[in-house]
Ligand code: NDP
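The following block contains the structure:
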């Protein structure tokens, strides 16, 4: 019987995950089909309940459900517990397990960005949503000693800092108000900048003015596109990376959890690139409440 894996989100129509995961199943001869389930929040408990059936290998969960799914599964892994967000579900008999593979996906992207340099200890993170939680937890477990979180709505950044209170008790994790002068002052003494906001996803805007950037920075934008931020950073000599590796490796980790097999990374990456070039957008990268039917200037994750 063909097994089923579903992506549950709202919206999901433009997801890149379908192409990436189906290519991996096909390559390894696994009889499974990756389906997109667009479910409004009210329909989420029923959708999660369906996954307990033997036909399902598991699921991905995306915007806006990553946090809502937490109380609906039977067990959480350490990363899902720590971040308070689930992006992958597996089945143990009738029991459902919630995982967060954005965390290992981010760590691969960070390692690649840092390259052969010594891992820095200070970072500025822009954003306080689900993506930012995976980033901050990844930085904490990587041994960063100072992480400053800026967010448009300060209370959300403060909530994030409070959430990580215990796991960050040994280091300096702070929320700061979104003022250009404060961001610029922090960037001047920082090596790593991560954009975990959706600014740049559907526009040519950058979350920080080009003048605030400097050439020593390592800049990671979680958006899967050459955003304005990345172009500005590259122009002054900073090292840059977009969200492709994180997207690829969160997907690869999920694939292995469902199938028990190593993910065919090259096949998945090729499928991602092809899907992106054909204009698909990923629900993983969809801003909450965004209109997925609008064409965009940039190709986005
Ligand atoms: P959320 O909706 O949870 O968070 C969105 C964040 O962007 C919030 O911090 C929000 O601030 C901020 N934001 C949105 N619009 C603006 C604006 N106009 N001005 C200032 N801040 C703004 O989304 P996620 O955390 O899940 O995703 C965030 C980004 O990360 C997306 O672009 C997505 O593409 C990317 N992502 C990529 C992944 C990958 O695998 N490459 C994985 C996960 C995410 P506020 O709280 O004030 O509203």
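Residue numbers (our numbering): -15 to 285.
Just so it is clear, CB atoms sit at the ideal spot from N, CA and C, and this is done for glycine as well.
Values in this document were obtained by computation on a predicted structure and should not be read as measured data.
Relative to the ligand NDP, residue 77 has its C-beta separated by 7 Å or more from all heavy atoms. Spanning the alpha carbons of residue 253 and residue 0 requires a straight line of approximately 11 Å. Residue 118 and residue 251 have their C-alpha atoms some 25 Å from each other. Here the stretch 57 to 66 does not lie against the stretch 225 to 234, with fewer than 3 beta-carbon pairs under 8 Å apart.
Taking non-hydrogen atoms of the ligand NDP into account, the C-beta of residue 135 is found less than 7 Å away from one of them. Rounded to the nearest angstrom, the Cβ distance from residue 256 to residue 228 is 7 Å, consistent with a contact under 8 Å. When the alpha-carbon of residue 11 is set against those of 258, 260, 259 and 248, the nearest one is in 248. By alpha-carbon distance to residue 222, the top candidate from 178, 236 and 80 is 178.
At least one heavy atom of the ligand NDP falls within 7 Å of the beta-carbon of residue 116.
A distance below 8 Å between beta-carbons, with the five flanking residues on each side excluded, links residue 29 to the following residues of its chain, in chain order: 56. Within the stretch 23 to 63, the beta strand (DSSP E) runs of at least 3 residues that lie entirely inside it are, in chain order, 40 to 45.
Excluding the 5 residues flanking it on each side, residue 5 has same chain C-beta neighbours closer than 6 Å at 18, in chain order. When DSSP reads this structure, residue 224 sits in a beta bridge with 203. Annotated as proximal: residue 184 and residue 211, with beta-carbon spacing under 8 Å. Within its own chain, the residues whose Cβ lies closer than 6 Å to the Cβ of residue 158, once the five positions on either side in sequence are excluded, are 132, listed in chain order. When DSSP states are grouped into helix, strand and coil, residue 116 belongs to the helix group. Relative to the ligand NDP, the nearest heavy atom lies less than 7 Å away from the CB of residue 234.
Cβ contact annotation for residue 3 (same chain, cutoff 6 Å, sequence separation greater than five): 255 and 259, in chain order. Under the 8 Å Cβ criterion, the stretch 84 to 91 does not count as touching the stretch 161 to 168, having fewer than three qualifying pairs. Separation of residue -3 and residue 20 (C-alpha to C-alpha, rounded to the nearest whole angstrom) is 7 Å. Between residue 238 and residue -14, the C-beta gap is not smaller than 8 Å, which leaves the two residues out of contact.
Linking residue 134 to residue 148 through their CA atoms gives a straight-line distance of about 15 Å.
Just measuring C-alpha positions, the residue of 136, 120 and 155 sitting nearest residue 94 is 120.
The C-alpha of residue 125 lies about 24 Å from the C-alpha of residue 53.
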